[in-house]
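Residues 84 to 396 (the working numbering) make up the sequence shown, in order. First comes the structure, then the notes that go with it.
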Amino acid sequence: MRWDAELATGPVSQLLDRTAEAFPDNPAIDFLGHKLNYRQLDELVSRAACGLQQLGVGPGVHVGLFLPNTPHYFIGFLGVLRAGGTVVNYSPLDAERTLAHKIEDSETDIMLTLDLASLYPRMAGLVGTTRLRHVVVGQFTEFCGPVSVEQAGMLGPSVPVEQGGHISSFASLLDNQGVYERQLPDDPATALAVLQYTGGTTGAPKGAMLTHANLTASCSQLQAILDQSLKPGQERVLAVLPPFHIYALMINMLFTVRLGAEAYLHPRFDAETVLREISQNRITSFPGVPTMFIGLLAHPLTAQLDLTSLKLC
């Protein structure tokens, strides 16, 4: 692309608005074999925005996402921005003291997470000991049909969640008609969309302040660079990278939504599963990291399966 090209920017929520209007019946997400189209995703995001506003989310309110690669992340992220709030990404790999630091430093008031033993108990323990005042808890398999025991347990066991007070379910967050007060930033160039924390390798993690214009400009850059390769409404993206990393957030979610592509969500990387997914579902784009590609090249199935659908890695 030209170095001086003009880049379209705007509110992040408009990415889904436009795609849901252009490709309402196109599949948006495939998770463990269950699909949501863009009309359904748009409706779920509106209901999430309504539920979040009922919890007090609006401009200036920061909502944390402590989530793996599941539909909850798409719905929660876009729902927070539609409600007018700011997203704060949290890594499940963080130690408890790091989570507590990020909650206080980012002024996170509400957290979305899942009922997994590796997630929920750690976050529930921070209600009352930090400024965190409410935790919304989803079920790992609530956005898919019947699944095997192996699939249900791929990220470890779930734990019982006692709702009430400061704890509520993701299902109750969505239990409404999706009528919310639309909140669009006055100036996308200055309105904060995401606080994205650094790795903290040289000290305490620091929250990078990303505006709506930052994120939508990046989408416009990707569109300009890949315009000859990827076609709107026609692509299938294999999303394995964790969404709380900025690379995955941009490529696997925001650009995928802008493109009207279908995201095949994998909660964790497994070389054989990835290779079979690419072959069986004719995946056209697989954003990854070197260790993933090395693992795929070393796998015997790579030479046996048809992977010619791939346009971009």
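The beta-carbon is built from N, C-alpha and C at its ideal position, and this holds for glycine as well.
Closest residue to residue i among the options (Cα-Cα distance)
i: V357; options: L393, M336, F338; result: L393
i: S241; options: A381, G261, L202, G248; result: L202
i: L199; options: G221, P370, P325, C227; result: G221
i: A131; options: G239, L115, G261; result: G261
i: E89; options: T273, N335, Q306, Y121; result: Q306
i: Q317; options: N364, R359, V277; result: N364
i: G286; options: L197, R85, D113, T181; result: T181
i: A235; options: G247, L197, P288, N109; result: L197
i: R354; options: H382, R165, P271, L99; result: In the sequence on display, residue 354 carries Ala and not Arg. Of H382, R165, P271, L99, the residue nearest in Cα terms is H382.
i: I193; options: P204, R205, V210; result: V210
i: T391; options: I361, G378, F338, T284; result: I361
i: C133; options: K118, L119, P229, L164; result: L164
i: L119; options: A346, Y330, A166; result: A346
Span separating the alpha-carbon of residue i from that of residue j
i: G168; j: V146; result: 7 Å
i: R214; j: V171; result: 14 Å
i: L380; j: R351; result: 18 Å
i: P268; j: V140; result: 14 Å
i: L388; j: Q266; result: 47 Å
i: L115; j: G290; result: 33 Å
i: H184; j: S174; result: 13 Å
i: Y138; j: R122; result: According to the sequence provided, residue 138 is Leu. The question's Tyr does not apply to it. The alpha-carbon atoms of L138 and R122 are separated by roughly 25 Å.
i: L342; j: R101; result: 10 Å
i: N109; j: G282; result: 36 Å
i: T273; j: G208; result: 34 Å
i: G162; j: E264; result: 12 Å
i: T385; j: L256; result: 43 Å
i: V244; j: F253; result: 12 Å
i: F223; j: G247; result: 20 Å
i: R319; j: P271; result: 29 Å
i: G239; j: R85; result: 47 Å
i: H328; j: E190; result: 20 Å
i: A398; j: Q136; result: In this structure the chain extends from 84 to 396, so residue 398 is not present and cannot be described.
i: T99; j: A91; result: The sequence given here has Leu at residue 99, not Thr. Distance between the alpha carbons of L99 and A91 is about 15 Å.
i: D188; j: I250; result: 22 Å
i: P229; j: M237; result: 14 Å
i: L332; j: V219; result: 21 Å
i: D87; j: I334; result: 22 Å
i: H117; j: V144; result: 32 Å
i: P142; j: A166; result: 8 Å
Residue i, buried or exposed, once every other Cβ within 10 Å from all chains shown has been counted against 16
i: F149; result: buried
i: F106; result: buried
i: L348; result: buried
i: S303; result: buried
i: M292; result: exposed
i: S312; result: exposed
i: H295; result: buried
i: Y280; result: buried
i: R359; result: exposed
i: A276; result: buried
i: D258; result: exposed
i: P400; result: Absent from the structure is residue 400, since the part of the chain shown begins at 84 and ends at 396.
i: I308; result: exposed
i: D113; result: buried
i: A402; result: Nothing in the structure corresponds to residue 402, since the chain is present only between 84 and 396.
i: L176; result: exposed
i: I186; result: buried
i: F338; result: buried
i: I377; result: exposed
i: T153; result: buried
i: A178; result: exposed
is_contact[residue i, chain C] using C-beta, thresh 8 Å
i: K394; result: You won't find chain C in this structure, because it holds only one protein chain.
Any contact between the region 291–310 and the region 91–105? By contact I mean 3 or more CB pairs, one from each, below 8 Å. yes
If you scan the region 139–177 from start to end, which runs of the alpha helix (DSSP H) of 4 or more residues do you find wholly inside it? Taking only runs of at least 4 residues, the alpha helix (DSSP H) segments lying wholly in the region 139–177 are 154–165.
Sufficient close CB pairs (3 or more, under 8 Å) joining the region 315–325 to the region 358–373: yes
Take every Cβ of the region 113–128, pair it with every Cβ of the region 155–165, and state whether three or more of those distances are shorter than 8 Å. yes
Please give the ranges of any beta strand (DSSP E) in the region 267–301, keeping only runs that are unbroken, at least 3 residues long and fully inside the region. 275–280, 290–294
At what residue ranges does the region 201–266 contain a whole run of the alpha helix (DSSP H), taking only runs of 4 or more? 203–207, 232–235, 253–256
Length-filtered (4 minimum) alpha helix (DSSP H) runs lying within the region 343–384: Considered as a whole, the region 343–384 harbours 354–364, 373–380 as its complete alpha helix (DSSP H) runs of no fewer than 4 residues, in chain order.
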